[in-house]
Amino acid sequence: MGISVGLVGLGQFGRQFVQLYGQHPEVDCLALCDVDPLRLATAAREHGITECYASLDALCRSDIDAVVLITQPWLHWEQAMQALEAGKHVYSAVPAVYGNEGDVLLERCDQLVQAVRRSGTVYMLGETTLYRRETEYCRQRALAGGFGALTYGECEYWHDMNSPSANLYEVYRNRWGANWGPDKRGCIPMHYPTHATSSMVEIMGAHMTSVSALGYEKPDEDWFIPGTLWNNRFGNEVALYRMSNGAIVRHAELRRVGHPERESFRLFGTKASFVSDPSGVRWTDRSGWKELELDEPREALPAALASNLGGHGGSHAYLVHAFVRACITGRHPRANVWQAMRYLAPGIVAHQSALRDGEVLPVPDWGDAPEGR
Ligand SMILES: NC(=O)c1ccc[n+]([C@@H]2O[C@H](COP(=O)([O-])OP(=O)(O)OC[C@H]3O[C@@H](n4cnc5c(N)ncnc54)[C@H](O)[C@@H]3O)[C@@H](O)[C@H]2O)c1
733 MGISVGLVGL GQFGRQFVQL YGQHPEVDCL ALCDVDPLRL ATAAREHGIT ECYASLDALC
793 RSDIDAVVLI TQPWLHWEQA MQALEAGKHV YSAVPAVYGN EGDVLLERCD QLVQAVRRSG
853 TVYMLGETTL YRRETEYCRQ RALAGGFGAL TYGECEYWHD MNSPSANLYE VYRNRWGANW
913 GPDKRGCIPM HYPTHATSSM VEIMGAHMTS VSALGYEKPD EDWFIPGTLW NNRFGNEVAL
973 YRMSNGAIVR HAELRRVGHP ERESFRLFGT KASFVSDPSG VRWTDRSGWK ELELDEPREA
1033 LPAALASNLG GHGGSHAYLV HAFVRACITG RHPRANVWQA MRYLAPGIVA HQSALRDGEV
1093 LPVPDWGDAP EGR
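Numbering (the numbering used here), first residue to last: 733 to 1105.
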């Protein structure tokens, strides 16, 4: 027997998941939900879906098993708490917790972990980087000892505000919709760290324990300015972490950069290293390097999903499958809430460090997912 899923949020990103959830053979029923009636009606018509909800409240009152949250980032935490409280399995788009005040966010991280513990249901973060081919390749090589000891990593999410592929000024204005105003200008790059940090955490099997970070202020800045909701001057933030395995990681969140959008990493071990730049991906050792195709076989997917992996490096189908399997088996997914906090908390503390001009600060950790599930 399969599960029923309610997909909440049919905006730019959420609508990319309707077909994948609808085609999964273990999803018996897919319902759609958006507070915007036009978006809801359009998606329902396009995909021939009849079960529709006008609000998350209504969905939580229904007997739907699992809720997929692909709403605006500042809503994820509150909505996940509500859905867990209602006894639903929860999939959340990144970031799990979002906002402007670091201490408040860390407190919310703690509350989310406690809520998942209490609920006994599944929580999964929909972090696309985890299912990119580069991450999967390096994870396998690390598990097989191919790197030797991992000593140093560099991870990055570079997305210029004026990116021609996804202009961030427009993305942010669209997300606020009717509530948009000049007071909403800005954001905090390090509060959206998981596309970068998750690769390091996942491949090293380690977590960040301390951080020192710096922020860059563009002289003629028009977006990252004080006096807005975000009250942040840094368009670029760069962090240096100590990891629990002794390794060092550099992490760059750049929103002011003359470079195509990029979510990637490099990893260096005592025996071999993985190097990636816009010219290609390479496996290196002391004697030289070889180009990688990254076409190794991966985890088997249901046929309907395997023929259409979706975006972000073909990660979407794997995310959907991982969540559905976790709901069916009751086992914690790879991106469980304990791991999700290890991707997020380092960035939150990195911004606090940048505000103190690089003061070294400890990164909290909520431990591993409990055994037995
Ligand atoms: N690579 C990635 O992992 C990746 C890429 C893009 C976006 N995202 C994440 O996806 C999320 C969505 O981004 P987007 O660009 O699609 O945003 P969007 O603003 O286009 O869409 C959000 C939708 O959620 C709906 N919504 C809000 N509150 C609701 C409620 N209570 N009930 C029902 N519907 C509700 C809105 O009406 C809107 O249609 C963001 O949090 C973003 O961080 C992740």
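For every residue, glycine included, the Cβ atom is placed at its ideal position computed from N, Cα and C.
All figures in this text were calculated on a predicted structure; none of them were measured in a lab.
Residue i: CB within 7 Å of a non-hydrogen atom of ligand 1
{"i": "Ala-825", "result": "yes"}
{"i": "Cys-841", "result": "no"}
{"i": "Glu-888", "result": "no"}
{"i": "His-1053", "result": "no"}
{"i": "Gln-814", "result": "no"}
{"i": "Glu-859", "result": "yes"}
{"i": "Leu-1093", "result": "no"}
{"i": "Gln-804", "result": "yes"}
{"i": "Gln-744", "result": "yes"}
{"i": "Gly-741", "result": "yes"}
{"i": "Ser-996", "result": "no"}
{"i": "Asn-832", "result": "no"}
{"i": "Ser-787", "result": "yes"}
{"i": "His-927", "result": "yes"}
{"i": "Asn-899", "result": "no"}
{"i": "Leu-807", "result": "yes"}
{"i": "Val-981", "result": "no"}
{"i": "Val-767", "result": "yes"}
{"i": "Val-750", "result": "no"}
{"i": "His-1044", "result": "yes"}
{"i": "Asn-911", "result": "no"}
{"i": "Arg-907", "result": "yes"}
{"i": "Arg-771", "result": "yes"}
{"i": "Val-903", "result": "yes"}
Residue j beta carbon less than 8 Å from that of residue i
{"i": "Tyr-855", "j": "Asn-1068", "result": "yes"}
{"i": "Tyr-753", "j": "Val-1052", "result": "yes"}
{"i": "Asn-832", "j": "Leu-961", "result": "yes"}
{"i": "Tyr-901", "j": "Glu-985", "result": "no"}
{"i": "Val-943", "j": "Ser-1085", "result": "yes"}
{"i": "Arg-987", "j": "Asn-968", "result": "yes"}
{"i": "Leu-1074", "j": "Val-845", "result": "According to the sequence provided, residue 1074 is Arg. The question's Leu does not apply to it. For Arg-1074 and Val-845, no; Cβs fall outside 8 Å."}
{"i": "Val-800", "j": "Leu-739", "result": "yes"}
{"i": "Val-737", "j": "Ala-828", "result": "no"}
{"i": "Glu-993", "j": "Ser-895", "result": "yes"}
Proximity to residue i [Cα-Cα], best of the options
{"i": "His-939", "options": "Ala-1072, Val-740, Asp-766", "result": "Ala-1072"}
{"i": "Gly-1079", "options": "Pro-1029, Met-922, Glu-1025", "result": "Met-922"}
{"i": "Ala-881", "options": "Gly-1090, Gly-937, Leu-807", "result": "Gly-937"}
{"i": "Gly-780", "options": "Gln-872, Leu-772, Ala-786", "result": "Leu-772"}
{"i": "Asp-915", "options": "Glu-949, Leu-875, Phe-956, Thr-929", "result": "Phe-956"}
{"i": "Ile-796", "options": "Leu-762, Gln-744, Ala-1049", "result": "Leu-762"}
{"i": "Cys-887", "options": "Leu-801, Arg-1088, His-983", "result": "His-983"}
{"i": "Val-848", "options": "Trp-1070, Val-740, Lys-1003, Cys-765", "result": "Trp-1070"}
{"i": "Asp-952", "options": "Arg-965, Glu-995, Ser-976", "result": "Arg-965"}
{"i": "Thr-941", "options": "Asp-766, Ala-1082, Gln-751", "result": "Ala-1082"}
{"i": "Pro-1034", "options": "Arg-747, Phe-749, His-756, Leu-946", "result": "His-756"}
{"i": "Ala-898", "options": "Glu-949, Arg-1063, Phe-745", "result": "Phe-745"}
{"i": "Arg-873", "options": "Met-733, Ile-735, Ala-1004", "result": "Ala-1004"}
{"i": "Trp-806", "options": "Thr-782, Gly-741, Thr-929, His-991", "result": "Gly-741"}
{"i": "Gly-990", "options": "Gly-913, Met-893, Arg-917", "result": "Met-893"}
{"i": "Asp-1100", "options": "His-1064, Pro-1094, Arg-1088, Leu-1087", "result": "His-1064"}
{"i": "Ser-931", "options": "Glu-859, Pro-1096, Leu-837", "result": "Glu-859"}
{"i": "Pro-883", "options": "Met-975, Arg-1105, Thr-1016", "result": "Here residue 883 turns out to be Thr, not Pro, going by the sequence shown. Comparing Cα-Cα distances from Thr-883 to each of Met-975, Arg-1105, Thr-1016, the minimum goes to Met-975."}
Pairwise C-alpha distance: residue j and residue i
{"i": "Ile-980", "j": "Tyr-973", "result": "6 Å"}
{"i": "Glu-775", "j": "Gly-909", "result": "With the sequence shown as reference, residue 775 is identified as Ala, and Glu is not the correct amino acid for it. Going by the C-alpha atoms only, they are around 19 Å apart."}
{"i": "Val-1056", "j": "Pro-925", "result": "25 Å"}
{"i": "Cys-841", "j": "Gly-1020", "result": "43 Å"}
{"i": "Gly-885", "j": "Leu-857", "result": "23 Å"}
{"i": "Cys-784", "j": "Glu-866", "result": "37 Å"}
{"i": "Arg-864", "j": "Asp-1027", "result": "11 Å"}
{"i": "Ala-1077", "j": "Cys-1059", "result": "25 Å"}
{"i": "Arg-811", "j": "Gln-843", "result": "The displayed chain sequence assigns Gln, not Arg, to residue 811. Those two C-alpha atoms are separated by around 13 Å."}
{"i": "Val-759", "j": "Gly-1090", "result": "48 Å"}
{"i": "Pro-1029", "j": "Glu-868", "result": "10 Å"}
{"i": "Leu-1024", "j": "Phe-997", "result": "14 Å"}
{"i": "Val-970", "j": "Phe-1006", "result": "21 Å"}
{"i": "Asp-1009", "j": "His-1044", "result": "17 Å"}
{"i": "Ala-786", "j": "Glu-778", "result": "17 Å"}
{"i": "Ala-790", "j": "Asn-906", "result": "25 Å"}
{"i": "Ala-818", "j": "Glu-949", "result": "43 Å"}
{"i": "Val-1092", "j": "Leu-946", "result": "11 Å"}
{"i": "Asp-835", "j": "His-1048", "result": "32 Å"}
{"i": "Ser-851", "j": "Arg-1066", "result": "18 Å"}
{"i": "Asp-768", "j": "Tyr-1050", "result": "28 Å"}
{"i": "Ala-1038", "j": "Leu-862", "result": "17 Å"}
{"i": "Met-813", "j": "Gly-734", "result": "24 Å"}
{"i": "Ala-876", "j": "Ile-935", "result": "11 Å"}
Ligand 3 heavy atom lying under 7 Å from the CB of residue i
{"i": "His-891", "result": "Looking at this structure, you won't find ligand 3 anywhere; what it does contain is ligand 1."}
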